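Trainee: One structure, pasted below without further comment.
Residue numbers (full-length UniProt numbering): 1 to 414.
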C-alpha cells in the first residue's frame, strides 16, 4: 500500500505585498500553489497510490471566486479516473464557518465532518482513516481525544490539523501531545498546520508533518512538498519519502558571513559566491528562486554595509541579473562591529550612551511595542515581520540594530 500525505496546500493564497518589490515575478509566484497541486496529483498517479491524505488548509480561506473550487474539483476528478481515494479535513484557514462558497466534491473524496470525529473504513483496501474538520478558525479543544479507536486488522490513519503542544510561528490549534497520539492505537498520524516538514515520531507509530506544498513568503524557505508512505504486507510503515512539489517557486534565505570583508566590494564578492554555491548551482528549469540575502558576522565592512545599505542592495540585485532564475526579494544587514574596534575618544561617551539606552530597550519589549503601536507601524508590517515579535529576543535584536546603525554613522563621520 502507498499513501500520499500532504497538507496546507493554500490554493490561490494571495501573496500580499509583491507589488512593493520592483521586478517581482508576481504572476509566477501567484500560480505556484496551483502548480504544486498539479504536481501532487501527477505524483499520486505515477506512484499508483491507494489514497491521498490531505490534512487541512486546502484553501487559504473563502474563495475570491468559484474558479478556486472548480480547479480543486478538477484535480480530484483526475484521481477519481484512476480510482484513487482522497481523505481530507479542513483546518483553521478553510474551516466550515470561513467557507462562503462550496462545490460538490467527486465521490472519491471523503471530507470528514466538523461536529465530531468520524471514521472511514475500507476493508477492501486494508485501510481505516479517522478525522475531524475544523468547525471554526480557532479550535482550542483537543480534537484527538475524541478520535475513535483503531479498526482491528487494518492500517489506521489519524488525519489531524494541529499544533501538537505548540510550534514557533504557528497558532496553538487543536492542541495535544505526542504520547497521547502514539498511545491511541493508530499506525500513522497524518498531521497538518505546521509548514515545516517534521517526522515527530518514527518508531512503530509514525507521526508526521509533511510541511506545506508550496512556500508562500520568505519565512517559508527550502524545498516544499509531501510525504510518500509505503506500507508493507504486514501493515507496518516500510518507508517515508519526501517528494518536492515546488517546481514553480522556492524561497531561500542566504546568510552570508562578512567576517573577512574589508569593504563593500568584498561584501558583494562574498554574496556572489554564496548565491552560486547555495542557489544557482541547484537551479531548476522554470523555477523562480526567491532569495533573501542576510549579511551576518563581525567585520570591517560593518559600518559601510549599514550606512550604504541602499548601494549594497542595488549591487546585490545587480549580481542576480546574471542568473535569470534568481529574484532578490530583500537584502538585510545583520552584521556587527569587530570586537577589537574601540570608539574614538571624541565619540566614546556618546557611543556608551547609545549602547546603554539600547540595553534598556532590550530589557523592556513592552516599551518597544508602545513606540511601534503609537506610530501606527506594527499594523503596516508584513505578516512574516509581525510574527517575529513573538520570537524570543525580538526587542533585543531591534534595539541592538538601531544602536549599531547610530554607532556606524558616528564612525563614518570621523
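Cβ coordinates follow ideal geometry from the N, Cα and C atoms, glycine included.
Everything numeric in this text was worked out from a predicted model, so none of it was measured.
Would residue 191 count as contacting chain C if we go by Cβ distances under 8 angstroms?
Mentor: You won't find chain C in this structure, because it holds only one protein chain.
Trainee: Using DSSP with H/G/I as helix, E/B as strand and the rest coil, what is residue 126?
Mentor: Note: residue 126 maps to coil in three-state DSSP.
Trainee: Does the contact criterion of 3 or more C-beta pairs under 8 angstroms hold for the segment 213-232 versus the segment 258-266?
Mentor: No, the segment 213-232 is not in contact with the segment 258-266.
Trainee: For residue 97, name the three-state secondary structure that DSSP assigns.
Mentor: Note: residue 97 maps to helix in three-state DSSP.
Trainee: Work out the CA separation of residue 79 and residue 85 for me, nearest whole Å.
Mentor: Residue 85 and residue 79: Cα-Cα distance of roughly 7 angstroms.
Trainee: I'd like to confirm the pairing. Which residues does DSSP put opposite residue 51 in its beta bridges?
Mentor: Its beta-bridge partners are 3 and 85.
Trainee: Just list the residues that DSSP pairs residue 295 with in beta bridges.
Mentor: Partner(s): 256 and 333.
Trainee: Given a cut-off of 8 angstroms on the beta-carbon distance, is the pair residue 309 and residue 242 in contact?
Mentor: For residue 309 and residue 242, no; Cβs fall outside 8 angstroms.
Trainee: Let me check one thing: in DSSP terms, what residues is residue 177 bridge-paired to?
Mentor: DSSP lists no partner for residue 177.
Trainee: Please work out which residues of its chain come closer than 7 angstroms, Cβ to Cβ, to residue 279, disregarding the five sequence neighbours upstream and downstream, and give them in chain order.
Mentor: Within the same chain, residue 279 has close Cβ partners 252, 254, 289, 291 and 326.
Trainee: Measure the alpha-carbon distance for residue 321 versus residue 250 and round it to whole angstroms.
Mentor: Answer to the nearest angstrom: the Cα atoms are 18 angstroms apart.
Trainee: Go to residue 30, then tell me how far its alpha helix (DSSP H) extends in each direction, as first and last residue.
Mentor: 26-30 is the extent of the alpha helix (DSSP H) around residue 30.
Trainee: Cβ of residue 174 within 8 angstroms of Cβ of residue 160?
Mentor: It is a contact, given that the beta carbons lie within the stated cut-off.
Trainee: Give the straight-line distance between the Cα atoms of residue 172 and residue 323, rounded to the nearest whole angstrom.
Mentor: Cα to Cα, the separation comes out at about 40 angstroms.
Trainee: State buried or exposed for residue 152, treating a residue as buried only when at least 16 other CB atoms are found within 10 Å of its CB.
Mentor: Residue 152 should be labelled exposed.
Trainee: The beta strand (DSSP E) spanning residue 203 covers which residue range?
Mentor: Here the beta strand (DSSP E) through residue 203 covers 198-203.
Trainee: Kindly identify the DSSP beta-bridge partner or partners of residue 226.
Mentor: In DSSP, residue 226 forms a bridge with 243.
Trainee: Where residue 135 and residue 184 are concerned, what is the direct C-alpha to C-alpha distance, given to the nearest angstrom?
Mentor: So the two alpha carbons sit approximately 23 angstroms from each other.
Trainee: Flag this pair as yes or no: are the beta carbons of residue 73 and residue 45 separated by less than 8 angstroms?
Mentor: Not a contact, by the Cβ cut-off of 8 angstroms.
Trainee: For residue 140, which of 165, 130 and 118 has the nearest alpha-carbon?
Mentor: The shortest C-alpha separation from residue 140 is found at 165.
Trainee: Look at residue 40 and residue 6 and say whether their C-beta atoms are less than 8 angstroms apart.
Mentor: Cβ atoms of residue 40 and residue 6: closer than 8 angstroms.
Trainee: Check residue 8 in the structure and name its three-state DSSP category.
Mentor: Coil.
Trainee: In or out: residue 14 buried (at least 16 other Cβ within 10 Å) or exposed?
Mentor: That one is exposed.
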